[in-house]
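Below: one structure, written as structure tokens.
There are 2 protein chains.
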Amino acid sequence: MTSETLQRALKALSDPTRLRIVEFLSGVCCHTAAIDEHGGVYKAPTASEVCCHITGAEKITSTVSHHLHELEAAGLIRIERQGTKMLCTLKPESFETLAQEFQRIAKGETPNECC
Amino acid sequence: MTSETLQRALKALSDPTRLRIVEFLSGVCCHTAAIDEHGGVYKAPTASEVCCHITGAEKITSTVSHHLHELEAAGLIRIERQGTKMLCTLKPESFETLAQEFQRIAKGETPNECC
DNA sequence: AAACTATTTCCATGAAATGCGAAATAGATG
DNA sequence: CATCTATTTCGCATTTCATGGAAATAGTTT
Chain A
31 MTSETLQRAL
41 KALSDPTRLR
51 IVEFLSGVCC
61 HTAAIDEHGG
71 VYKAPTASEV
81 CCHITGAEKI
91 TSTVSHHLHE
101 LEAAGLIRIE
111 RQGTKMLCTL
121 KPESFETLAQ
131 EFQRIAKGET
141 PNECC
Chain B
31 MTSETLQRAL
41 KALSDPTRLR
51 IVEFLSGVCC
61 HTAAIDEHGG
71 VYKAPTASEV
81 CCHITGAEKI
91 TSTVSHHLHE
101 LEAAGLIRIE
111 RQGTKMLCTL
121 KPESFETLAQ
131 EFQRIAKGET
141 PNECC
């Protein structure tokens, strides 16, 4: 993971609303049923549902829509269209990578030019 | 780690300059010698040295001073006075904790009220 | 105390980000 | 095609934040 990628991910997560979205997507238990491209059943909340849980609004707000796309641009979540709806899922790999980055920083394994 | 603590840490790390400071402190190899409270020798860069590495300035700037205290307030680094100088060290435990938080998010172990 | 070093505080400025409502768009359905 | 739903784009007001210079402070040395 490059320094810029790490930077973008951390910036995306620095906003309270976006962090709450991520926490929510990490632990969702109320989902919409859907069928993936292989015919399998999977579950993922729609943008509206995410918004509902975060803000209490009944429909998705422009603000939450923006935050969702910000998280997607940072590579932290996936957004896929299902008819008129947008399904949101966390990308666990990205968070695994972030965890490794912090391990690296904690362990002092950061490459550093000497003086 | 509470959600607010995580929030503060991520916000502190969302700034490019602060992230560079952290990366630098994580991998420092050019230090100032110092004596800790038990008489042991330890090494840590001064605020000026951090600033020099980050900005190229010869003296510490108000901007870097501000960033250092921001990182300290977020619990990510330690700053201790040594005469007129301030020595800066990373708090590896904090980054270990952050790594665990991301593991938790990746694994979906986030506690979430159900509907 | 005066002079010097390292750092901090204060203040102003400009850039970027947030949040929101209204209009626009995309896809589904009658 | 008209309509309905879900989402996005746009424009705007407001806030937050990084930055930098000048003055103030803390500690050291003579």
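Just so you know, the protein sequences line up as chains A and B, in that order. If you're matching positions, the first sequence starts at 31 in my numbering and goes up one per residue. If you're matching positions, the second sequence starts at 31 in my numbering and goes up one per residue. Even for Gly, the Cβ is constructed at its ideal location relative to N, Cα and C.
- Between residue 52 of chain B and residue 107 of chain A, the C-beta gap is not smaller than 8 angstroms, which leaves the two residues out of contact.
- At a cut-off of 8 angstroms between beta carbons, residue 112 of chain A makes no contact with chain B.
- Looking at the DSSP output, residue 118 of chain B shares a beta bridge with B:109.
- In this structure, A:91 is the residue among A:74, A:91 and A:73 with its C-alpha nearest to the C-alpha of residue 81 of chain A.
- The beta-carbon of residue 101 of chain B is placed no less than 8 angstroms from the nearest beta-carbon of chain A.
- For the pair residue 95 of chain B and residue 33 of chain B, the Cα-to-Cα distance works out to about 27 angstroms.
- With respect to chain B, the C-beta atom of residue 98 of chain A has no partner C-beta closer than 8 angstroms.
- In the three-state DSSP reduction, residue 93 of chain A falls in the helix class (H, G or I).
- In the structure shown, the three-state DSSP call for residue 76 of chain A is strand.
- Neighbours of residue 52 of chain A in chain B, taken as residues at a C-beta separation under 8 angstroms, are given in chain order as 135.
- By the neighbour-count criterion, in which a residue is buried when 16 or more other Cβ atoms sit within 10 angstroms of its Cβ, residue 123 of chain A is exposed.
- For residue 95 of chain A, none of the residues of chain B pass the 8 angstroms Cβ criterion, the least Cβ distance being about 21 angstroms.
- Closest by C-alpha distance to residue 54 of chain A, out of A:39, A:121, A:36 and A:40, is A:121.
- Closest in alpha carbon position to residue 47 of chain B, among B:84, B:79, B:58 and B:31, is B:84.
- An exposed status is given to residue 88 of chain B, since fewer than 16 other beta-carbon atoms sit within 10 Å of its beta-carbon.
- Residue 53 of chain B: member of the alpha helix (DSSP H) spanning 46-57, first to last residue.
- The alpha carbon of residue 39 of chain B has as its nearest neighbour, out of B:86, B:111, B:132 and B:113, the alpha carbon of B:132.
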